[in-house]
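Protein chains in written order, with this note's numbering: chain A, 9 to 347; chain B, 9 to 347; chain C, 9 to 347; chain D, 9 to 347.
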């Protein structure tokens, strides 16, 4: 960390500042130019609070040299993390995983039917929401535990592992028992209590990027889970909030090579929530595959116009199958394969 | 709700769509122009999911006429809500409330000392974080229950009600017993489980606007609390995320007259988190007061450069007093008074 | 256009509003529900100003049904526009065009050398800035006319058409004579005088999307050029401004299928400005190709660390060649070919 | 400027980098820690291009210590700039200037009538658009030179100086002759040709902040004008683009104290364009005054519902007068006066 001190700092104040950091165990490298005076801090700066350092009236700038994350960093963990979900591997350089299913579980018949169609189309895993984060308290809030049971039954019928969103640590035990990948939704990306809770399990966690969170904040949220001892973190980009109105969110595909460079974690893309429009899902799926994504999570519904939530972004099973076939070809461009 | 149907819709499909809405209990007003064909839905549309309606291939646009919130709406509740916190009233047209205190509780001595200074400066209430949402898992996470106990002792010593942030429903009971206003932080604005939990109590809730949430989403989160039966909701603007780099966030003061028009809830402004810079706090405090805010929440620390968090945005007690004195004069412009 | 009138409007005021629109030549379809009252306007609404209509105290909402652009709209021009640049075709369903070159022309030797390398790597056209829009008045502002002459010489040597940015209509004649594609930069996307000026020529215009402009505003700027009689408009996405800090801008690839659906104009992607980081250019180029882009514009410099501008986002010629080879394979996924 | 070099840099490469900067006339201060190696550059770094420096594969970070603007900086010009417009002073610590008038000049009768009302209400200057930057080529584009003539006549009748927007340097001479303050609109904030053109005159220039421009970019655009020799720059905040939908833009009032700290230039606020809603103008005007603004520019129209542009954000003369009266009181809070 480099601390820029004001050029006109009195000697006494400079000594105070240096002593302050030395007492915290840092070595200091003092360097002085014509218009600046900088202190290089040597030691582990991850616990330092930049904003408090900046409160010192004689300090004008704080620049981090080291990244603030350790366990997620590729620097300290050069190998790709590969998350094993009932034998299906997410991450690494070979396979690309396809997750499909409806936004919400609407009942046993619906989820079993769609599960079969999704599997037939070529998906590896089944998604479905049982606890739904909805903007309106009057909107359908999900079937809850019954929905989880429906998913489990669909899993038995098709053999596909299941992914579902956890909204509250109260349901954690239920998810650990019945769900294969615990999803943390975009709105909970900085629900640090929930991150700590899933960090204490060994369950694979799919961590969605928050609507307005930087990549660094996202990695720091992954770090929360890793720091608790759970190495099975999968990142998922689902679009960020911008001023654009033609799409629900703006899909940021540049995160794929960035995440691959900065971290060792797998990353998958959710083109459905990102765009909010089923007509855009195919193009964004292909783009994600060739940009290096480790997987796709796509919303599929056989009657989108009757879906209990988010119908406009759901593709029909037939279309889903076509998308998978095209992605299968696209995967070869990056020397990978679909499951 | 107005549904725009594609001009070339076959008669059969139009009948299907109309039937679909009639079966849900809506009356339909069919109106047809040269280039458009619209259906006006008459009935309670708050539970309808726009995105699922849009999934119908023959529907091109959905326009809401009624606001999606009911209990928060001024339309159905013309009187200002005034939240009573141990006799101090937040909202209405008379008083403006000042809340001051450090970002984090750092121990009994610190919080008691600052509480006295804050009170002497003219504050009505004391703030202090015991459970801290921090971007980094390695940063100070707050003193937890010990911090709440410290706050309670400071309350005994000064008589000021206390405000503190709740991060997890696990601590709800503790907060209901010891805290006067439960704060829901910006990162948890759409943690719907937590909103439902505080909605089941009668405790005053200070609901911060999320970093990238629209005013409508914010009101909908208030609606979650109100819908559970807790009428004591106070909204708090603390800046939104934009591309600007000179400030931590962008303070959106236009929310004050908007919230006053659309809802009956009190609104207070947090200029400290909004700007991230103590030098900007005075100007933004004065601006908030004359724009109609019902209160201010300002971070105060007597040694900001040693604060365990967010020192750069904390004003010292002397400055805090000056700000209050100026705000006292500014309040007269809008015919109000400081407590 | 659908105008929502307040439910409690007096009869007299309603008559006034209806008369007002009828006098402007619109037919009106009046439709009344329990909580709403709407007027459907039949006629050409492109010239109507929504914000002035909303100034009427009895009007609460204005909803456009028809898109505000005509000449750019695919609805009225179903065929793809193919822009012919000295025999090279941009747009349509067959070829994908590659444009490469340095950010700035730095002299004859530099541009001729890079032009040859770029051509050898497989590019179809050469880019290079002679007039440079720089944030700082103290930064290198481009070689001006000398730079245009250098580009023309490089064109003679390689046969590649040249693309360069026009900043001021004062240079228009010069550009019409010496340049093959006139680029309108992101910062000038809503410089309507400049748009009108290039609209009066028949030169191909590459219109970059503004840093914070919606897709609709972008199409409206294309409409400015088309409305003046110049049909040769090529759109170019180069990233939008968001809160993210790891990339210079956020590349919005979902614009590709959207532009293809809404308009008949060709669209190319500039992954260099979008990301600001040469390491991300390959992944974003591949993604653009499979998402349906009609071309790529990539910054290439043989000594990026000595470039007079934007070195960090320039790839070296060898890397550029590798990117082109991979894109050649990726193009097959969408049944297209590189030039 | 501080350049962070990768820790593992070979000695030879380090020497090359140092030599490179020394050849450009910089002195170098080399400082080396355990995990970092930094070079402090001593000399005038305003012309250095950070992005090109970053292209060097051995350089990982570039941190500016000095601000990139010189003439606009308060550091080198501690006194407030006061712009004299026909005897009315903008800037300094005494007066606050009020500018009012319609969005567009619609004819002599309209502008003369509104000018009188605006003057009577207490305004110091008259605004009115003759050349209008409109998103749509089919919308009213302004009366052009005739509008300027109408403004000049209104000026003769009322004695008020006039402000109007210049869109093209072709009209510069006309503006220099007939207009008192030349406005550069938000969409042209980075039209560097236009900035240079007005910089060559001595006319007061009102420079609006771009919709998505940082404060630093805005100051750099002012620097363009100052660097050409025109010291009469007035900054004008008019809201920035965010995701919020209830307002047209988000008014960023924190710019006022920031501009006052970083620069010596006057700053005025345009609450009309910022919010897009006349109902919010009063609250934002008051807020701007107490936050330290040097003036307000407010849209006024006597028949907003018939305005040829932007009616929804225009207040009527009566309301305008009330706002001025309240602002007159608010000005006292900051020890200033309205004109």
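Glycine included, each C-beta is placed from N, C-alpha and C at the ideal position. The structure displayed is predicted, hence computed values, not measured ones.
Residue i: first and last residue of the uninterrupted alpha helix (DSSP H) it sits in
i                      : result
residue 238 of chain A : Unbroken run through residue 238 of chain A: none, as it is neither H nor E.
residue 204 of chain D : 200 to 207
residue 331 of chain B : 325 to 341
Separation of residue j from residue i, as counted between CA atoms
i                      : j                      : result
residue 179 of chain D : residue 203 of chain D : 13 Å
residue 287 of chain D : residue 252 of chain B : 26 Å
residue 134 of chain C : residue 242 of chain A : 41 Å
residue 226 of chain D : residue 276 of chain D : 14 Å
residue 281 of chain B : residue 247 of chain B : 7 Å
residue 121 of chain B : residue 95 of chain D  : 53 Å
residue 238 of chain C : residue 200 of chain A : 55 Å
residue 207 of chain C : residue 138 of chain C : 21 Å
residue 9 of chain C   : residue 317 of chain D : 17 Å
residue 315 of chain B : residue 152 of chain D : 58 Å
residue 97 of chain B  : residue 66 of chain C  : 36 Å
residue 89 of chain B  : residue 146 of chain A : 22 Å
residue 102 of chain A : residue 343 of chain A : 7 Å
residue 17 of chain C  : residue 12 of chain B  : 24 Å
residue 19 of chain C  : residue 334 of chain B : 50 Å
residue 109 of chain B : residue 116 of chain B : 13 Å
Beta-carbon neighbours of residue i, restricted to chain C and to distances below 9 Å
i                      : result
residue 225 of chain A : The premise fails here: residue 225 of chain A is roughly 10 Å from chain C at the closest Cβ pair, so nothing lies under 9 Å.
residue 254 of chain A : 222, 223, 224, 262, 263, 266 and 270
residue 317 of chain D : 57, 59 and 60
Within chain D, the residues that residue i reaches when beta carbons sit closer than 7 Å
i                      : result
residue 145 of chain C : 231, 232 and 235
residue 116 of chain A : Simply none; closest approach about 38 Å.
residue 300 of chain B : 291
For residue j and residue i, believed in contact at Cβ under 8 Å, the rounded distance
i                      : j                      : result
residue 175 of chain C : residue 132 of chain C : 25 Å between Cβ atoms; not a contact.
residue 183 of chain B : residue 190 of chain B : 5 Å
residue 2 of chain D   : residue 294 of chain D : Past the boundaries of the shown model lies residue 2 of chain D; chain D is included only from 9 to 347, so the question cannot be answered.
residue 278 of chain B : residue 99 of chain B  : Not a contact, Cβ separation roughly 17 Å.
residue 78 of chain D  : residue 54 of chain D  : 7 Å
Where the beta strand (DSSP E) through residue i begins and ends
i                      : result
residue 191 of chain B : 189 to 192
residue 307 of chain C : 303 to 307
residue 11 of chain A  : 10 to 13
Residue i: contacting residues in chain C (beta-carbon distance under 8 Å)
i                     : result
residue 81 of chain D : Those within 8 Å of residue 81 of chain D in chain C number zero; the least Cβ separation is about 13 Å.
Within chain B, partners of residue i - CB distance below 8 Å
i                      : result
residue 218 of chain D : Those within 8 Å of residue 218 of chain D in chain B number zero; the least Cβ separation is about 11 Å.
residue 184 of chain D : By Cβ distance, chain B contributes nothing, its closest Cβ being about 33 Å from residue 184 of chain D, past 8 Å.
residue 258 of chain D : 248, 250, 258, 260 and 262
7 Å Cβ cut-off: residues of chain C touching residue i
i                      : result
residue 251 of chain A : 220 and 222
Interface partners of residue i on chain A, CB under 8 Å
i                      : result
residue 288 of chain C : 262, 265 and 266
Which whole runs of the alpha helix (DSSP H) in the region 26 to 66 of chain D are 4 residues long or more, in chain order?
58 to 61, all fully within the region 26 to 66 of chain D.
Would you mind listing the beta strand (DSSP E) stretches within the region 215 to 299 of chain B that are 3+ residues and don't spill past its ends, in chain order?
Scanning the region 215 to 299 of chain B from its first residue to its last, the whole beta strand (DSSP E) runs of 3-plus residues come out as 241 to 245 and 275 to 277.
At what residue ranges does the region 98 to 184 of chain D contain a whole run of the beta strand (DSSP E), taking only runs of 3 or more?
As summarised for the region 98 to 184 of chain D, the continuous beta strand (DSSP E) elements at least 3 residues long and confined to that stretch are 103 to 109, 133 to 135 and 170 to 173, given in chain order.
As an exercise, report each continuous alpha helix (DSSP H) stretch of at least 4 residues that is fully enclosed by the region 69 to 96 of chain A, in chain order.
Counting whole runs of 4 or more residues, the region 69 to 96 of chain A contains no alpha helix (DSSP H) stretch at all.
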